[in-house]
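Numbering (the numbering used here), first residue to last: 417 to 740.
From the three backbone atoms N, C-alpha and C, an ideal C-beta is built for every residue, glycine too.
One structure is given here, and the rest of the page talks about it.
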C-alpha cells in the first residue's frame with residue numbers, strides 16, 4: 417500500500433530560535449549524520465552513529481549482564497549503573513533513543529550516568545532488539561521484560577514496582593510509554609513514574625512542530641519517516657500502528673503512572689510530546705525554549721541542557737522517594 421506523501425516541512429522560522437552555540441552544535445551534528453532513506457545501509461549507519469560518549473561522570477559501579485527476554489526471545493544485554501553504595505536504592509529502567517534502529521548502550525552511557533547520579537537510582541540501560549531486523553513490537557516487549565525483571569530482582573521490598581521508574585529519550589521514550597501500556601494490559605508491575613525525554617510517539621508526523629522544525633534542526637522529518645518505516649514495516653500504514661508501537665495512538669491512557677515529558681522548543685516532535693502529556697492522567701510538561709532534539713547529550717556545552725537534566729532527575733528522585 418502506498419501512503420500519500422505528506423506536505424513538505426515549512427522549514428526553519430526566521431529569525432533562528434536557536435542560540436549561536438546551539439546552532440553550531442546542530443549544524444555540526446547534521447553534517448556528520450548519515451543520510452537515511454531508501455537504499456540506506458543500516459549497518460553502515462549504525463557504525464557512523466555508534467561513537468561512545470567518553471564524558472560521563474563517575475559512578476560507584478557499572479556492570480553488564482544478561483537478563484531474561486520475552487518468552488521465546490533471546491536474553492537481553494543490560495548495563496547497570498549504581499550511583500553510590502546505598503543498600504536499597506530505587507531503580508530506573510532506561511531505553512535509549514535512535515529511531516528504533518540506531519544507537520546502543522555506549523552512545524547513551526553519559527546520559528545514564530547523569531540519570532543515576534541525579535536521581536539516586538540504579539539505572540538499568542537495556543540493549544533491546546532493533547529494527548529492521550526486529551519489527552514492532554519486539555523492542556516494546558523487550559522494554560516490558562526488562563521492567564518485569566527489574567521489579568522482581570532489583571527493586572527494594574515493598575509494593576510491586578513501587579520504587580521502579582521507566583525512562584527513555586526519543587524512540588526510547590515511546591518504549592518507556594509502551595512498557596507502561598503493557599503493564600496495565602497484562603496486570604504486570606506498574607512503574608511509579610515515567611520520564612519521557614523528547615519522545616517519538618506518533619508515526620503520522622502531521623503536527624505543526626513537524627512542519628516548522630522538520631528541516632534545519634538536526635532531526636529531519638524524512639529521517640523520522642524512515643525510522644518508523646523500519647520499525648513498523650512498509651505494510652503498516654502510520655495511522656494503523658498498534659499502540660504498543662505508537663503510544664500516541666492509544667485511545668485510553670487511563671491508569672498510567674505520573675509522567676514528566678521534556679519538550680525542546682525547536683524539536684519536530686515537540687507537539688507529539690505536548691499532546692501526549694495533555695492526555696495522560698498525571699503529567700508535568702517541561703518545555704525548553706531554544707532546545708533541540710537530542711540536546712541532553714550536550715549538558716557540558718549547553719547550560720539549558722544541564723538545567724533540564726537536573727530538573728528531570730530531581731523529579732525522578734522526588735517521585736521515587738514518595739514510595740519509599
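C-alpha distance - residue i paired with residue j, whole-angstrom precision
{"i": "residue 616", "j": "residue 439", "result": "22 Å"}
{"i": "residue 567", "j": "residue 580", "result": "6 Å"}
{"i": "residue 538", "j": "residue 431", "result": "42 Å"}
{"i": "residue 550", "j": "residue 505", "result": "33 Å"}
{"i": "residue 657", "j": "residue 648", "result": "7 Å"}
{"i": "residue 733", "j": "residue 536", "result": "6 Å"}
{"i": "residue 607", "j": "residue 646", "result": "28 Å"}
{"i": "residue 669", "j": "residue 612", "result": "15 Å"}
{"i": "residue 421", "j": "residue 584", "result": "Reliability of the predicted coordinates at residue 421 is poor, the pLDDT of 43 falling under 50, and no value is obtained from them."}
{"i": "residue 731", "j": "residue 665", "result": "26 Å"}
{"i": "residue 702", "j": "residue 726", "result": "12 Å"}
{"i": "residue 489", "j": "residue 636", "result": "33 Å"}
{"i": "residue 659", "j": "residue 516", "result": "15 Å"}
{"i": "residue 713", "j": "residue 531", "result": "12 Å"}
{"i": "residue 602", "j": "residue 447", "result": "44 Å"}
{"i": "residue 562", "j": "residue 651", "result": "28 Å"}
{"i": "residue 614", "j": "residue 700", "result": "13 Å"}
{"i": "residue 496", "j": "residue 620", "result": "34 Å"}
{"i": "residue 618", "j": "residue 690", "result": "12 Å"}
{"i": "residue 589", "j": "residue 512", "result": "8 Å"}
{"i": "residue 455", "j": "residue 548", "result": "13 Å"}
{"i": "residue 441", "j": "residue 711", "result": "9 Å"}
{"i": "residue 582", "j": "residue 595", "result": "8 Å"}
{"i": "residue 514", "j": "residue 502", "result": "32 Å"}
{"i": "residue 695", "j": "residue 523", "result": "31 Å"}
{"i": "residue 466", "j": "residue 738", "result": "37 Å"}
{"i": "residue 692", "j": "residue 623", "result": "12 Å"}
{"i": "residue 487", "j": "residue 518", "result": "24 Å"}
{"i": "residue 552", "j": "residue 482", "result": "22 Å"}
{"i": "residue 667", "j": "residue 644", "result": "20 Å"}
Residue i burial status per 10 Å Cβ neighbour count (16 or more: buried)
{"i": "residue 723", "result": "exposed"}
{"i": "residue 688", "result": "buried"}
{"i": "residue 639", "result": "buried"}
{"i": "residue 627", "result": "buried"}
{"i": "residue 468", "result": "exposed"}
{"i": "residue 457", "result": "exposed"}
{"i": "residue 630", "result": "buried"}
{"i": "residue 520", "result": "buried"}
{"i": "residue 479", "result": "exposed"}
{"i": "residue 735", "result": "buried"}
{"i": "residue 610", "result": "buried"}
{"i": "residue 500", "result": "exposed"}
{"i": "residue 676", "result": "buried"}
Same chain only: Cβ atoms within 7 Å of residue i, ignoring 5 sequence neighbours per side
{"i": "residue 706", "result": "433, 434, 435, 438, 681, 682, 720"}
{"i": "residue 564", "result": "604, 605"}
{"i": "residue 554", "result": "545"}
{"i": "residue 543", "result": "492, 493, 494, 520, 521"}
{"i": "residue 716", "result": "471"}
{"i": "residue 476", "result": "498, 499, 500, 501"}
{"i": "residue 485", "result": "491, 492, 558, 561"}
Beta-bridge pairing of residue i - partner residues as DSSP gives them
{"i": "residue 585", "result": "613"}
{"i": "residue 480", "result": "495"}
{"i": "residue 542", "result": "494, 511"}
{"i": "residue 517", "result": "According to DSSP, which records beta bridges pairwise, residue 517 is partnered with nothing at all."}
{"i": "residue 580", "result": "507"}
Beta strand (DSSP E) segment containing residue i, residue limits
{"i": "residue 679", "result": "675-680"}
{"i": "residue 699", "result": "699-704"}
Same chain, Cβ closer than 6 Å to residue i, neighbours up to 5 away in sequence not counted
{"i": "residue 453", "result": "642"}
{"i": "residue 472", "result": "525, 526, 529"}
{"i": "residue 686", "result": "625, 679"}
{"i": "residue 534", "result": "729"}
{"i": "residue 450", "result": "461, 464"}
{"i": "residue 556", "result": "591, 594, 660"}
{"i": "residue 654", "result": "619, 620"}
{"i": "residue 509", "result": "540, 562, 563, 566, 582"}
{"i": "residue 571", "result": "507, 579, 580"}
Alpha helix (DSSP H) segment containing residue i, residue limits
{"i": "residue 527", "result": "525-535"}
{"i": "residue 624", "result": "624-629"}
{"i": "residue 456", "result": "Counting along the chain, residue 456 falls outside any alpha helix (DSSP H), and DSSP gives it neither H nor E."}
{"i": "residue 442", "result": "436-448"}
{"i": "residue 729", "result": "719-738"}
{"i": "residue 688", "result": "686-695"}
{"i": "residue 756", "result": "With the chain running from 417 to 740 in the structure shown, residue 756 is simply not present."}
{"i": "residue 621", "result": "Unbroken run through residue 621: none, as it is neither H nor E."}
{"i": "residue 640", "result": "637-648"}
Own chain, CB closer than 8 Å to residue i, minus 5 neighbours either side, in chain order
{"i": "residue 474", "result": "529"}
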